[in-house]
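Oh and the sequence shown: position 19 is 19 in the UniProt record's numbering, straight run, nothing missing.
Below you'll find the structure, written out as structure tokens, and then a few comments.
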Amino acid sequence: MEYLTDFDEAINSNKELEQCKNKVTQIILDPLVVLNLFRRILEQDIPFLLMNAAVGKPEHFILTKLPVPPLCIRPSVISELKSGTNEDDMTTKLTGIIQLNQEIQRHAANAPLKYYMRIWENIQTHVALYINSDLSGVNMENQKVKPTGRGIVQRLKGKHGRFRGNLSGKRVEFTGRTVISPDPNIPIDQVGIPVHVAKILTYPEMVTPHNMKKLKRLIMNGGHKHPGANFHIDRQNGMKSDLNYANRRRIADTLKIGDIVERHLLDGDIVLFNRQPSLHKLSIMAHKARVVPTRTFRFNECVCTPYNADFDGDEMNIHLPQTEEARAEALHLMGVSSNLVTPRNGDPLVAAIQDFITGSFLLTQKDTFFTKEEAQQVICSIMSNEDLLMKISLPPPALMKPQMLWTGKQIFSLLLRPSKECNILINLRKAPKGKAASPYTAMEELCPNDNFVNIRNSELLSGTMTKATLGSGSKTTIFYILLRDYGKVHAANAMLRLARLASYFLANRGFSIGIGDVTPGYGLLKEKQILLEQGYHKCEEYIQSLERGELETLPGCSEEETLENKIISELSAIRERAAQVCYKELHKSNSPLIMAQCGSKGSNINISQMVACVGQQALSGKRVPDGFDHRSLPHFEKASKTPEAKGFVQNSFYSGLTPTEFIFHTMAGREGLVDTAVKTAETGYMQRRLIKSLEDLCLHYDLSVRNSIGEVVQFVYGGDGLDPVNMEGVNKFENSGKKKNSEYCMKKNDDPPDDPVLFERAMYHITAKFPSKDELPLDPDSTLSLSDEILQKDFNDVHENYRSRLGNYFKDHSMRMQRAQNKFNFSSDKDDVPPVLHQLERLTKTQLIEFLKFCKDKYLKAMNEPGTAVGAICAQSIGEPATQMTLKTFHFAGVASMNITQGVPRIGEIINASKVISTPVITALLDVNDDLEFARKVKGRIEKTLLGEVTDYFEEVFLPDNCFILVKLNLERIRLLQLEVNAETIRYSICTSNIAEIKGIKPNNVEIFSESVIIVKPFQSSRGTCYAVLQQLKQKLQLVVIQGIPTVSRALIHLENDKYELQIEGNGLGAVMATRGVRGMSTTSNNTMEVEKYLGIEAAKTIIISETQTTMKHHSIEIDRRHLMLLADLMTFKGEVHGITRYGLAKMKESALMLASFEKTADHLFDAAYYGQEDSITGVSESIILGIPMSLGTGFFKLLHKYPFHFRDLCVFHDYFLMFYSISSAC
């Protein structure tokens, strides 16, 4: 203070010095001062800064020494264009720093302070840019620093940085890439490798007494002749010899046990086959190599679906595992035969496609017959590889006279069971798609179109083979049944037989397409013209009724929207009717029709577009918008709404499009291309986020799912511990024993989970396999008692839900038995019953016991294995199908014009746990749900109603001594809208409004003149004159909310199952639940964060599951519920909803390395350094970065002994074994 008083006299004489008074006492905190301050911080005080004193101290924040990386980090590149070398950016930056330091030392004694400060600031900038070259706030011009290259931070972050580019993912050796080709003659678990590739890819094989002779022969062949070897490594000195240049004879003669020979890739080697993008685990599978003299990778077309491959120039990669352990793991865990079904929901992916389905369809037609020679010739085509010497029993001919003929169905049956000695007996009954819910329909085997498939004991009795019984994506295919009942080897063999048989049959029969297949007949053209005239006439009527104001609007739609909806539905009906006429006209031998019928390629719409009518072109789900001056193209009149002016294409592709139609068609095509490109990027990023957050979730030995640090995410995986891969479908019962509570709003979630056995099919299979002809059938009561007894006794280790579903099935079965007995008036204990009646719903004791044994075995096999990476599989199962979704799609939530966001954006909203979603919808059930008037009243209480919507007019009134706004209410409209408002409540709403221009109004400024007239006087305001306030009042009074919830935009009454409910657009779940007339206990929203706020974390978890499932189902994508449960549990297990974003991930994970390898690399590393964070290296990302085995999958457990056993160890094992064996024998 004394120091400051010395300046008082100067300040008195010069008042301007007052401003500088405080600056006198300021201390400039240059780095040296700060460094000394930091050094004075006591060690016991460091924890207050949240730092770890053992690994870091505050003085380390001031750099006194600069880290200089070794030369391998910043290599010099010798330039061919100019003399000298090109130095790395980092070296250049370090050179600049050294030069500036030298300059300071050179002028240490005599340079002015200003010069020092400039150089010192320059060094500061150089060092900052050396660490982070994108640093903001650096003034490049003043500092005279050249634009720099990449700093240390830039070398770490991003896709090509150290973490993602060199640690998490690397370029690898022993890999090849070339174009792929189809080959139906190669087994599904093999891949044809070009001999050029096989000579370069090598496998290090150790010499043993068993393979010495073979390896000597390979060494003699050298590197240029296949099969040969490229290198030899001596066991004793580790010397590596190149066999292209070394003395091969000498090396072969001196070959010792223990040497390593890097031999060429040979037939039977295990290779990993991969196609990018690798969206799920089936994008990389293990095949057995077969060296072929071609230049492309060849594989069976059945394996296209999991890779999503086609042969229009696609390329694929192979990797050759280099150790025996890697080969064994690849073959058993990644082999094609072990991955025939997708872990998403257990559907088969490796199955017949395209030509194979078409060939089988034509082969199994009713009118396909073969002579003995033709039949034998066709059958011979299935003999190859393992089946080369297989015995085939030719069945007796179907027709004896006038000529012995065999049907195509008999030939097809040989694929499943080639000879009588074969014990493969599969059973399948399948009705045509969409004809009936149950396969047990009328007309079954006698279906005139031969659509009902019945396979009994591996014999095709009726029906033609289509995609539904052969293709991927369905659990009623013969390959899926073979896989589930007899194992992967038989399923793979059947697929190879089918591929060879179908391709041979189709090649000999011939199958092609020509212009004649798409030429419309005279009748079709005439019918199409009539349809077009009728449709256009109706559209014209709609347009004219809109112009006259007579168009009846749909609920929740404006007149324009109503017109668009009606015209779109009318025009789509034209195309559908034209398509139906088209099918009647086409002959059954028409190639496109055959392909559409059997499901091998194309659909009915494709045929109708080629032959009849292309139809309406849509942009974002609407007709083509007006792009020019009130019209879609300059060829049409202004404001024209006719079908041809709005994108309806009446021509077919055969007849050719007019120029305007062609432009509309290209517009729709362009939208599809843009949509695909945008969708790819969005879904790719979503998949990466999902994988990163779920990668370390693993199933433990107690069936719980935990993350890498041991936190429990689920106590039992999926609630029952079963593997989605082994699920066969949902069992439905007549008496499920469960009362359907229609009042519960989250009823979408009430579906029963998938089961490892479909009881109906299993029973059909068991009764066919075990006819038990000598046994008497059980009656309904004994069926129930015997099944209950076995379930109580032998099913203790089975989940109670599965037991109860088995019990329900037997209740259903006994009810069917009882109905059959009542219908024909007999009982199974009477002796005088005709034998044929015993066959109705027949079930014997043996069959029942075998059925329950079958169900239990399948259940136990379906248990998920501990160590399974359930998290990664869950992420792939959600991310991979998202790529098939369209990006911008909306659909009506049961009510016209209520759009709900669907597709990728909706999935994104759910997994990001967005607080604000694009289309929030609250579903509210009502206390009285069968009264429309009551529903309207509740709607009026909820829906936001503005004063302007219920008034006739707002009028300014000027009197000699007064001025005011006169508000005239429309009482009739208020009554019709069932609004519970009157002049008094409106006055209260005006006084309490939050609109800024009205906020200052007092109750005495608002007068009620009558029940329909309110007077609002201007009030004193700083906003302007009395007239200005009056004008503002007139504008803003219309926006006053007089009833309803301000956050709700509108409410619609929706009729579902003859019950009224409200669909409410907008947020405000709490306010809706509290509204009189709404059943609060049964009200829910599709906004996860709102549900968590009002209903708690468990309800939020349920909403995540149901909303994801609903969105996926809308795109016809089935995902096993267990995956969605795991995702929802991960997002909610911390007690609040965390999104799968960089912020949510940071709250879920602790590992700095894992977070650094995701996003914000530098920030996470700087934070970890400040806090002195330790990383336990337990997760997946961390283990990959450090190159150590991860504690998941085969790394989940530890082996007691490593595999190179010594002789004495084997002796000890032998003694232990004998001791254990003697003890167990004594027991």
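Virtual Cβ for every residue (Gly too), placed ideally from N, Cα, C.
As the structure is a computational prediction, the values presented were derived from the model and not from experiment.
Lys622 - partner residues in DSSP beta bridges: As a working note, residue 622 is residue 622 in the sequence shown. Beta-bridge pairing by DSSP links Lys622 to Leu619.
Candidates Asn247, Ala502, Gly940: closest to Arg973 by CA position: Taking the first residue of the sequence shown as 1, we reach residue 973 at position 973. Considering only alpha carbons, the answer is Gly940.
Secondary structure, alpha helix (DSSP H): runs of 4+ residues fully inside the region 163-249: Taken in chain order, the complete alpha helix (DSSP H) segments of 4 or more residues contained in the region 163-249 are 195-200, 212-221.
Meets three-Cβ-pair contact criterion under 8 Å: the region 1104-1123 and the region 910-927: Result yes; three or more Cβ-Cβ pairs closer than 8 Å.
Best match in Ile986, Phe479, Arg936, Ser136 for proximity to Leu947 [C-alpha to C-alpha]: For the purposes of this step, residue 947 is identified with residue 947 of the sequence shown, where counting begins at 1. The candidate whose alpha carbon is nearest that of Leu947 is Ile986.
Rounded Cβ spacing between Phe299 and Val191 (contact assumed at less than 8 Å): Sequence index remark: in the sequence shown, residue 299 carries index 299 (1-based). Sequence index remark: in the sequence shown, residue 191 carries index 191 (1-based). Between Phe299 and Val191 a beta carbon distance of about 5 Å is seen, short of the 8 Å cut, so the two are scored as contacting.
Residue from Pro418, Gln276, Ala502, Ser458 whose Cα sits closest to the Cα of Thr466: Counting from 1 along the sequence shown, the entry for residue 466 is found at position 466. Cα-wise, what sits closest to Thr466 is Ala502.
Lys646 vs Arg623 beta-carbon contact at 8 Å: Taking the first residue of the sequence shown as position 1, residue 646 is located at position 646. Taking the first residue of the sequence shown as position 1, residue 623 is located at position 623. At a Cβ-Cβ threshold of 8 Å, Lys646 and Arg623 count as neighbours.
Residue range of the beta strand (DSSP E) that includes Ala1074: The residue you call residue 1074 lines up with position 1074 of the sequence shown. Run containing Ala1074: none; DSSP gives neither H nor E here.
Unbroken alpha helix (DSSP H) run spanning Gln687, endpoints: Sequence index remark: in the sequence shown, residue 687 carries index 687 (1-based). 659-694 is the extent of the alpha helix (DSSP H) around Gln687.
Candidates Asp387, Asp30, Pro592, of which the one nearest Lys495 by Cα: Residue mapping note: residue 495 aligns to position 495 of the sequence shown, counting from 1. Going by the sequence as given, residue 495 is Met instead of Lys. Checked all of Asp387, Asp30, Pro592; the closest Cα to Met495 is Asp387.
Of the residues Gln884, His1115, Leu1127, Gly1080, the one placed nearest Leu279, counting alpha carbons only: Locating residue 279 in the sequence shown gives position 279, counting from the first residue. The option with the nearest alpha carbon to Leu279 is Gln884.
C-beta atoms of His264 and His210 nearer than 8 Å: As a first step, residue 264 is located in the sequence shown; it is residue number 264 there, counting from the start. As a first step, residue 210 is located in the sequence shown; it is residue number 210 there, counting from the start. Between His264 and His210, the CB-CB gap reaches or exceeds 8 Å.
Closest residue to His287 among Ser419, Asn317, Arg842 (Cα-Cα distance): Counting from one through the sequence shown, the residue named residue 287 turns up at place 287. Nearest Cα to His287 within the set Ser419, Asn317, Arg842: Asn317.
Distance cut-off 7 Å: Val757 Cβ against heavy atoms of the ligand MG: In the structure on display, the ligand MG does not appear, and there are no ligands present to speak of.
Cut-off 7 Å between Cβ atoms - residues of its own chain near Glu9, not counting five sequence neighbours on either side: If you number the sequence shown from 1, residue 9 lands on position 9. Excluding sequence neighbours, Glu9 sits near nothing in its chain.
Inter-residue Cα distance where the pair is Lys433 and Asn451: Taking the first residue of the sequence shown as position 1, residue 433 is located at position 433. Taking the first residue of the sequence shown as position 1, residue 451 is located at position 451. Whole-angstrom Cα-Cα distance: 9 Å.
Residues sharing a beta bridge with Met863, DSSP: Your numbering for residue 863 matches position 863 in the sequence shown. Its beta-bridge partners are Leu722.
Own chain partners of Lys748 with C-beta closer than 8 Å, once the 5 adjacent residues on each side are dropped: Locating residue 748 in the sequence shown gives position 748, where the first residue counts as 1. Here the model assigns Lys748 a pLDDT of 47, short of 50, so the residue's position is not dependable, and the following value carries that caveat. Excluding residues within five positions, the ones whose Cβ falls inside 8 Å are Ser1106, Gln1109, Thr1110.
First and last residue of the uninterrupted alpha helix (DSSP H) at Tyr480: Stepping through the sequence shown from its first residue, residue 480 is reached at position 480. Per DSSP, Tyr480 belongs to the alpha helix (DSSP H) from 478-486.
Per-residue DSSP class, three states only, for Ala77: For the purposes of this step, residue 77 is taken as residue 77 along the sequence shown, with counting starting at 1. Checking the displayed sequence, the identity of residue 77 turns out to be Val instead of Ala. Correct three-state label for Val77: strand.
Cβ neighbours of Thr1138 in the same chain (closer than 7 Å, five flanking residues each side left out): As a first step, residue 1138 is located in the sequence shown; it is residue number 1138 there, counting from the start. A small correction: the amino acid at residue 1138 is His; Thr does not occupy that position in the sequence shown. In the same chain as His1138, and ignoring 5 residues on each side of it, the C-beta atoms closer than 7 Å to its own belong to Ala913, Met1131, Gly1144, Lys1147, Met1148, in chain order.
Lys968, DSSP secondary structure in three states: Position 968 of the sequence shown, counted from the start, is the residue given in the question as residue 968. Three-state DSSP puts Lys968 in a strand.
Rounded straight-line distance, which links the Cα of Gly158 to that of Leu349: Position 349 of the sequence shown, counted from the start, is the residue given in the question as residue 349. Position 158 of the sequence shown, counted from the start, is the residue given in the question as residue 158. The straight-line gap from Cα to Cα measures roughly 35 Å.
Rounded straight-line distance, which links the Cα of Thr294 to that of Leu506: Within the sequence shown, numbered from 1, the residue matching residue 506 stands at position 506. Within the sequence shown, numbered from 1, the residue matching residue 294 stands at position 294. When only Cα atoms are considered, Leu506 and Thr294 end up about 24 Å apart.
Contacting residues, own chain, Cβ-Cβ under 7 Å from Ala762 (five flanking each side not counted): Here residue 762 refers to the residue found at position 762 of the sequence shown. Within the same chain, Ala762 has close Cβ partners Phe851, Phe854, Cys855.
Beta-bridge pairing of Leu501 - partner residues as DSSP gives them: Here residue 501 is taken as the residue at index 501 of the sequence shown, counted from 1. DSSP lists no bridge partner for Leu501.
Contact between the region 360-369 and the region 406-420 (3+ Cβ pairs under 8 Å): With the cut-off at 8 Å, the region 360-369 and the region 406-420 touch.
Same chain, Cβ closer than 7 Å to Pro184, neighbours up to 5 away in sequence not counted: The count along the sequence shown starts at 1 and reaches residue 184 at position 184. These residues qualify, in order along the chain: Asn300, Glu301, Ala499, Arg500, Ser503.
Cβ pair count under 8 Å reaching 3, the region 373-385 against the region 509-525: The region 373-385 is not in contact with the region 509-525.
Unbroken alpha helix (DSSP H) run spanning His319, endpoints: As a working note, residue 319 is residue 319 in the sequence shown. Taken as a continuous stretch (DSSP letters only), His319 belongs to no alpha helix (DSSP H), being part of the beta strand (DSSP E) at 315-319.
Sheet register partners of Asn962 (DSSP bridge): Taking the sequence shown and counting its residues from 1, one reaches residue 962 at position 962. Looking at the DSSP assignment, Asn962 forms a beta bridge with Leu959.
Sequence-distant residues of the same chain with beta carbon closer than 7 Å to Lys1017, five excluded per side: Position 1017 of the sequence shown, counted from the start, is the residue given in the question as residue 1017. Counting only residues of its own chain and dropping the five nearest sequence neighbours on each side, Lys1017 has a CB closer than 7 Å to the CB of Phe964, Asn1005.
Distance between Pro920 and Gln19 (C-alpha atoms, nearest Å): By 1-based counting over the sequence shown, the position of residue 19 is 19. By 1-based counting over the sequence shown, the position of residue 920 is 920. Rounded to whole angstroms, Gln19 to Pro920 spans 57 Å at the Cα level.
Secondary structure of Glu18, DSSP reduced to three states: One-based indexing of the sequence shown puts residue 18 at position 18. Residue state, collapsed to three classes: helix.
Start-to-end residues for the alpha helix (DSSP H) that takes in Leu363: Here the question's residue 363 lines up with position 363 in the sequence shown. Boundaries of the alpha helix (DSSP H) around Leu363: 355-363.
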